[in-house]
Amino acid sequence: MMKVASMLGKERITLSFEVFPPRNREGIESVEQAMREIAALQPDFISVTFGATGGRSEFTLPAVTHVQNMYHVPAIAHFTCVSSTRSEVHRMMSDLRDNGISNILALRGDIPEGNDYPMDYHYAYELIEEIRSFGGFCIGAACYPDGHPESRNMQEDIQHLKEKVDAGVDYLITQMFFDNNILYNYLYRIREKGINVPLVAGIMPVTNVKQIKRIRQLSGTYLPMRFKAMLDRFGDNPAAMTEAGIAYATEQIIDLIANNVNNIHVYSMNKPGVAARIKANLAEILEMGKVDDASDLTC
Numbered sequence: 010m011m012k013v014a015s016m017l018g019k020e021r022i023t024l025s026f027e028v029f030p031p032r033n034r035e036g037i038e039s040v041e042q043a044m045r046e047i048a049a050l051q052p053d054f055i056s057v058t059f060g061a062t063g064g065r066s067e068f069t070l071p072a073v074t075h076v077q078n079m080y081h082v083p084a085i086a087h088f089t090c091v092s093s094t095r096s097e098v099h100r101m102m103s104d105l106r107d108n109g110i111s112n113i114l115a116l117r118g119d120i121p122e123g124n125d126y127p128m129d130y131h132y133a134y135e136l137i138e139e140i141r142s143f144g145g146f147c148i149g150a151a152c153y154p155d156g157h158p159e160s161r162n163m164q165e166d167i168q169h170l171k172e173k174v175d176a177g178v179d180y181l182i183t184q185m186f187f188d189n190n191i192l193y194n195y196l197y198r199i200r201e202k203g204i205n206v207p208l209v210a211g212i213m214p215v216t217n218v219k220q221i222k223r224i225r226q227l228s229g230t231y232l233p234m235r236f237k238a239m240l241d242r243f244g245d246n247p248a249a250m251t252e253a254g255i256a257y258a259t260e261q262i263i264d265l266i267a268n269n270v271n272n273i274h275v276y277s278m279n280k281p282g283v284a285a286r287i288k289a290n291l292a293e294i295l296e297m298g299k300v301d302d303a304s305d306l307t308c
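Numbering (the numbering used here), first residue to last: 10 to 308.
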């Protein structure tokens, strides 16, 4: 199955989605249905998180394998430093390789309150070095257009990103953002520092107010005035908020592609209906990207 970095050419438009595994066995059926419906949209790839709350998930490997080997969509397995010992990481990499999975997204992960999990890796670059030394994987990492909440300033944050890339990263996926100008400025700054691996823009369709409260708690992401106005006007009406959130995300994506940010990853929150609406809104644009890509291949 194709490695993700090879899809991320400058001219090709890609659309991908994220899913998360069930928290427990009772949730397996509903998550499998969501994965099946999202895979049926034929995204360029699907990423599978390590666990909904940053902790361990025994369901990540089965979910990743399901996506790729049953639904035939290239899959990315999330790895986190939180709750990962060196022996567990090597076991998971062996299991992924045995199941034909060659894409990993290496993250530090959110550290839960009162965390008592063992951690042999404290920073993402240490985990990246371990995966790179194991060999055979296409490695992605996270980046933060608004700056990581634990960094003192953007200069420090970009330096940490450079450390991750130098450790062996093949591509980057951004944290969600709601103002495209922040990403354009960020792209200029990281390219200026010699960070030239492909970048995938992470977009979150916000379809309920609880989502944004959680996002603000974890990341401190900047919310532009027009986004706040949307929340204020539609937040108490679930149907209207869903409609507005999908429209806002679609508008963001169209603007990104118009400005040659061609690789889009949607944090779809296991909501196939939202994923389907966004893909439908972009149908002609995605088709245009395929035509451009095909013409490049014939040159």
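Each residue gets a CB set at the ideal place from its N, CA and C atoms; glycine is no exception.
Length of the line joining the Cα atoms of residue i and residue j
i	j	result
Y134	K173	5 Å
T259	S56	20 Å
T251	H87	27 Å
R21	N272	8 Å
V91	I287	32 Å
R117	T69	16 Å
P247	D129	43 Å
I148	F243	39 Å
P30	A284	17 Å
S103	A253	43 Å
R34	G203	45 Å
Secondary structure of residue i, DSSP reduced to three states
i	result
A43	helix
N268	coil
S160	coil
N78	helix
A248	helix
S93	coil
D305	Low confidence applies to D305: its pLDDT is 46, below 50, so where it sits in the model is not reliable enough to give any reading.
H87	strand
H274	strand
T216	coil
T230	coil
Endpoints, beta strand (DSSP E) assigned at residue i
i	result
Y180	180–183
E27	23–28
S56	55–57
L114	112–116
I148	147–152
Reference residue i; option with closest CA among the options
i	options	result
V98	L114, P83, A84	L114
A84	R95, A284, D53	D53
L265	L291, S103, K222, E27	L291
F186	I262, G203, K219	I262
R235	S39, N189, N108, G229	N189
G229	Q184, T74, N269	Q184
Where the alpha helix (DSSP H) containing residue i begins and where it ends
i	result
V209	Segment 208–212 is the beta strand (DSSP E) holding V209; no alpha helix (DSSP H) there.
L192	189–201
D241	234–243
S142	133–143
Check whether the stretch 161–170 touches the stretch 137–145, counting contact only when three or more Cβ pairs, one atom from each stretch, lie closer than 8 Å. Between the stretch 161–170 and the stretch 137–145, the count of C-beta pairs closer than 8 Å stays below three; the two stretches do not touch.
Three or more beta-carbon pairs under 8 Å between the stretch 184–195 and the stretch 147–163, yes or no? yes
Can you find at least 3 beta carbon pairs, one from the stretch 207–214 and one from the stretch 273–281, that sit closer than 8 Å? yes
contact_flag[the stretch 72–84, the stretch 173–193] where n(CB pairs < 8 Å) is 3 or more: no
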